[in-house]
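Presented below is the structure to which this report refers.
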Amino acid sequence: MQKDPLLEKRGALDALNNAEFGWFHIKACLVSGIGFFTDAYDLFIIQLAVIMIGMVYYHDEVRDGDTVIKKADKLYPVSETLLKQSALVGTLIGQLLFGYLADLLGRKKMYGTELVIIVFTTITSAFASNTASPNGLSVVGMLIIWRFFLGVGIGGDYPLSAIITSEFANTKNRGAMIAAVFAMQGFGILTGSIVALIVLLSFSNRLNNDDPLNYLQIDHIWRIIVGFGAIPGLVAIYFRMTIPETPRFTMEIKGDVEKGARNIQQVLQKGDTLYADSQSDERKQKEQKPTFRELKYYLTKWDHGKVLLGTAMAWFALDVGFYGINLNQSTILHQIGFGKGSNLSQYEILKQAIYGNLITSALGTVPGYWLTVLFVDKWGRKNIQIMGFVALTILFLVMGLCKNILGQFIFITLYTLANLFNNFGPNATTFIIPGEVFPTRYRSTCHGISAAAGKLGAIVSQVWFLGLGADNFKAIMLTFSTFMLIGFGFTFLIPETKGKSLEEICQGQEQSIEMCIYLSNNSQIRSG
């Protein structure tokens, strides 16, 4: 007797949703998480690298005719902003592109491709140099180009890692699993500071002396710390390319219920088959790939569209502040006297900048991520996001209004708390929620759109930082506080997903989706 595909699908997904947390789930988190470790390392190491690049390539005296105006030892503000922006622009494009392709072609086909891009462009960034032609690109120009393509790869990792983890997870631990993947970002940021410190200390004897080759040593340091980012990515490429297609994509978009059910049985019963993919010669339903027109029909219904508006705008608002402080952390700490002094050597300037990053990462960033892992399935995504936005609104407000009376220790404490509530708050939940609240057909595309909105916020933040100038610290902090309040407001458009399976979250949408497919197909026929 032929099996009922609907009953078989429901039974298989129930088994996946109710599975005990095991070795398979741990491996799935590790395979996805190592990519986020690499992403964060590569994205945020640039804020330390730009200090060194400025020392090496912008140390010549600036002259007006025969008159020496000043001795430049840092990148020009526009060049520094472009260098930081290039990866963000690439990330935005990668999130939209890979998000859509993962819904169109499958999660498995795209997974690993983005990591190859990251590894290749990290290596080329470490070897960037001035071109031989007098009118050719400078080392900064080369870095801007390579970091743009690096960003495309990093952007692809956002929807893919979130969706693959979400669609393989059980209901009870799904929030913690996605949060654990994203928490690797904290280790990536922290590792960047540790690697930079180790490399700097290994060159300390030469940098402490009045060595005419100091600039050459600093050039070696930034290239080593940038190039190190390729190593973890290389480790993960094989595992990503051999991970199976998610059962939900196989069943709901490819229409192969038997293959999807068999994949679920394999990964639940045999943990060592995480990287095996079953082949099915059985008859399957007609494959129905999603289209932009179909997505448009789906989102024009307010019940669906408001959710995307909530996830996208909350992420946009969050990243104005998150990237505003994390890509300019050394500059912000410098404003309150950390690493400031006219008699500091190059070695001391670099060491104090790294120490500042280590303190805030170790005490704020990393603990914040793992607090989310611990509490996200108990407190709920929405509650943690609201708590984080409220705390950040207050902290940025206090830092902006009271900078001159706080003192260095209190300010660094508040700044560290801001990092804590970024990550034990909306920085984690804005990543988790879009991986859960949308149906399988549009889940990756909508996650990519939400993430891209975040990167647009990051780009706006860098332009705003450049326009106001680091000295206008009060206006910068008050701007961040305002955007945290905006994120708080848009959070109320998002449903709570705690304790619900992906099917329960999207319950009742089948008829709406079928209507969108029908309208899309008929619209195509009429237009043809």
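For the sequence shown, the UniProt record's numbering puts the final residue at 528, and the numbers step up evenly by one. Backbone N, C-alpha and C fix where the C-beta goes; we use that ideal spot for every residue, glycine too. Keep in mind it's a predicted model, so treat the numbers as computed, not measured.
Could you pull the start and end residues of the alpha helix (DSSP H) that R381 belongs to?
R381 to L401 is the extent of the alpha helix (DSSP H) around R381.
Count the other C-beta atoms from every protein chain shown that fall within 10 angstroms of the C-beta of V78, then say buried if there are 16 or more, exposed otherwise.
Result: exposed.
With H, G and I counted as helix, E and B as strand and the rest as coil, what does DSSP make of G156?
Judged by DSSP in its simplified three-state form, G156 adopts helix.
By how many angstroms is the C-alpha of Q185 removed from the C-alpha of L363?
Inter-residue distance for L363 and Q185 is about 15 Å (C-alpha atoms, whole angstroms).
Would you kindly work out how many angstroms separate the C-alpha atoms of I494 and G310, rounded to a whole number?
Rounded to the nearest angstrom, the two C-alpha atoms are 6 Å apart.
Report back the beta-carbon spacing between G264 and A15 to the nearest angstrom; my notes put them in contact at under 8 Å.
The question names Gly, but residue 264 in the sequence shown is Ile. Your pair I264 and A15 checks out as a contact, with CB atoms roughly 6 Å apart and the cut at 8 Å.
Which complete alpha helix (DSSP H) runs does the segment 183-244 hold, if anything under 4 residues is left out?
Under the rule that a run must span 4 or more residues, the alpha helix (DSSP H) segments found entirely inside the segment 183-244 read 204-208, 214-227 and 230-241.
Taking the alpha carbon of A126 as the point to measure from, which residue in M142, L115, F492 and E114 has its own alpha carbon closest?
Selection M142, L115, F492 and E114 evaluated against A126 yields M142 as nearest (Cα-Cα).
Under a Cβ-count criterion, where at least 16 other Cβ atoms within 10 Å of its own Cβ denotes burial, should T171 be classed as buried or exposed?
Per the 10 Å Cβ criterion, buried.
Run the CB neighbour count on R174, radius 10 Å, all protein chains shown included, and call it buried at 16 or more, exposed below.
Label assigned to R174: buried.
If you follow the alpha helix (DSSP H) that A314 is part of, which residue opens it and which one closes it?
Following the DSSP letters along the chain, one finds A314 inside the alpha helix (DSSP H) bounded by residues W302 to N326.
By alpha-carbon positions, which one of K500, C446 and T479 ends up nearest to L104?
The shortest C-alpha to C-alpha distance from L104 to any of K500, C446 and T479 is the one to C446.
Contact belief for A236 with G368 at Cβ below 8 Å, rounded distance in angstroms
Wrong, their Cβ atoms sit about 24 Å apart, outside the cutoff.
Relative to the C-alpha of K289, which residue among F316, F421 and L101 is closest?
Restricting attention to F316, F421 and L101, the CA atom closest to the CA of K289 is found in L101.
Count the other C-beta atoms from every protein chain shown that fall within 10 angstroms of the C-beta of N404, then say buried if there are 16 or more, exposed otherwise.
Per the 10 Å Cβ criterion, exposed.
Taking C-beta to C-beta, are N328 and T365 nearer than 8 Å?
In this structure, T365 does not lie closer than 8 Å to N328 by Cβ.
Excluding sequence positions up to five away, which residues of its chain have a Cβ less than 6 Å from the Cβ of L478?
Within the same chain, L478 has close Cβ partners G400.
State the DSSP-derived secondary structure class of R441, mapped to helix, strand or coil.
Note: R441 maps to coil in three-state DSSP.
Distance check for I53 and T273, CA to CA, integer angstroms please.
Residue confidence for T273 is low, a pLDDT of 45 falling below 50, so the modelled location carries little weight; the figure read from the coordinates is stated next. Between T273 and I53, the C-alpha separation is close to 46 Å.
Thinking F249 and E167 are a contact (beta carbons under 8 Å), I'd like their distance in whole angstroms, please.
Contact flag correct, Cβ pair sits at about 7 Å.
What residue does the alpha helix (DSSP H) around G407 start on, and which one ends it?
It is not in any alpha helix (DSSP H) - G407 carries neither H nor E in the DSSP assignment.
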